[in-house]
Amino acid sequence: MRENKLYANLKKCVFCAPEIPVLGCYVSKSGVRADPEKISSICSWPTPKNQTELRRWLGLANYLHKYTKDYAGLIQPMSSLLKKDMVWNWRPEHQDEFDAVKKSLASAPVLMLPDTSRPFHVVCDASDFAIGCALMQFDAEGRERVVSYQSRQMKPAEKNYPVHDKELLAMRYALIKFRVYLLGEQTIAVYTDHASLRRAMKSPHLSQRMARWLSFFAEYNFVVHYKPDKNNILAEALSRRPDYNPRRLTRHQDIPDDDDDDDDCATCVTLGINATVSSPVLPLRQQIADAYEEDAFYAAIIRYLRNPAADTLAKLTRPTRDAITRYDLDGDRLTYAIDTFDSPRVVIPADDDLRARLVHEYHDAPAGGHLGREKTFAALSRDFFWPRMYKWIRKWVRSCEICQRVKPAASKQAPLRPLPIATSAWRSVSMDLIFGLPRDAEGRTGVLVFVDRFSKMVHLAPVAAEVTADESAELFLDLVFRHHGLPESIVSDRDPRFTSAF
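At position 409 of the sequence shown the residue is numbered 409 (UniProt numbering), and the sequence of numbers has no breaks.
This is the structure we're talking about:
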């Protein structure tokens, strides 16, 4: 200590102590436990009589929230009494939760001290009004122990999230809270009771919110494991009672998954949660090959290309026989090319699910970027072909919720604005053509009008209906420029004869 210029006050030192008090808790070789005096103060607190007393008690209890599972869920009914303009009404359910928090703190576990030499794992879950998580480790004896509990109530906007986004929000909250322990090269296990999080990148409902979160997940190296409620200690802890359920979610539904194997996981390294196993989606090549067998039209073409005989050709329709030279086989894929100069494209049979998958990848996926129908069609038609593809894509883009929400709205035309007032003669000139007048001796039926906007002086020049820009320019030079010089501005209706070679 002296070498590093550190000095100790012997009166304040404690040696060979089994545990020491630090910032409201006691630290020992077995872990961290809450200060018994603070727990006693919380448990002996009388029932609040108003918002002020409740706020004081919650301020004291919040200090020890990391020792309590689902603390945010437990205090949610009492927190609702602190809202602005809320009438104080202490009901039996508030008293039950008041006693539940006391009981939970009285039996608070001894938290394990984090050991950076051992791997961490996270358990997270979400209910309809709160999210919670726990940072856990296995000790030297192989026992699973809690390092810290964290939870919070959802914000009003977050309560409207679909259930999938709520579960993803809980995972994001856990990674933020435990960032100092989880960030690094070591792989972390994340346990959730929502199976579809393992393949979130392949979800057909990847919203902009989810895309932003997945870019945040890319900072971490973690693996998502599915653990059902019966095996998920935090899912059991989070309150799911119907009297706390503020609404029924109807926007999205959980993706069904009957696979309860804990070993199935998705490695989340570079792109957040890009599922690699236990996915019900077939590989694209296999899905296309299977769809050919169910499409009688393309199945007949494939049979002919594999056996180009007269009997197989006769089974094709006449338009198909005329265009049979455009088709070819590339392994198990059917390709289509208009001529020898056209690049072969993979033919997609009449399978709406397959076509929707392709359009989703080229339009809705993060790499697609929600482009318009023209660019989406140009990108998709380079590799694939099916009849009336453009109409199919146009309908998809029109029905895309995100595109309709963020695309520029068709704005109304701006109202007309008055021209600036002219300050001197022949500095600003208005010009226009008038036709439909009686024909003169030379057959001219129009007049070219030049008006000085300051003095209102007018020059008129008779013109034919077929007057050109060159002729209009000559009249301007002869009637305006020769007498008054070049004006600073010319006002016209942008007739082609005034904007082309004038």
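Backbone N, C-alpha and C fix where the C-beta goes; we use that ideal spot for every residue, glycine too.
Bridge pairing for CYS124: CYS133 [DSSP].
In the DSSP assignment, ALA8 falls outside any alpha helix (DSSP H), carrying neither H nor E.
Distances from the CA of VAL491 to each of ALA465, ILE421, GLU471 and TRP45 were compared; the closest alpha carbon is that of ILE421. Counting other Cβ atoms within 10 Å of its Cβ, TYR191 reaches 16 or more and is therefore classed as buried. Residue state for TYR226 is assigned as strand, using DSSP reduced to three classes.
The segment 10-56 is shown to contain whole alpha helix (DSSP H) runs of 4 or more residues at 36-43, in chain order. Under the three-state reduction of DSSP output, THR192 falls in the strand class. Look at HIS459 here: in three-state DSSP terms it is strand. The C-beta separation of ILE402 from HIS370 comes to about 6 Å, placing the pair in contact by the 8 Å criterion. Judged by DSSP secondary structure, ARG355 falls within the alpha helix (DSSP H) whose first and last residues are 352-359. SER489 has SER428 as its beta-bridge partners, per DSSP. Of the residues assessed, LYS227 falls on the buried side of the cut-off, its CB having 16 or more other CB atoms within 10 angstroms.
Distance between THR116 and ASP328, taken at the CA atoms: about 59 Å. Sorting GLN153, VAL163 and ARG118 by C-alpha distance to the C-alpha of GLU141 places ARG118 at the top. Shown here for LEU169: same chain residues with a beta carbon closer than 7 Å to its own, the five before and five after excluded, namely ALA126, ILE131, GLU158 and TYR161 in chain order. Rounded to the nearest angstrom, the gap between the Cα atoms of TYR149 and ASP351 is 48 Å.
Around ASP493, the same chain offers ASP432 as residues with beta carbons nearer than 8 Å, after the five sequence neighbours per side are excluded. Beta-bridge partners of ASP339 (DSSP): none assigned. Taking 8 Å as the cut-off, the beta carbon of PHE450 is found no closer than this to the beta carbon of ARG427.
Non-local C-beta neighbours of LYS315 in its own chain, meaning closer than 7 Å and more than five positions away in sequence, comprise ALA300, ordered along the chain.
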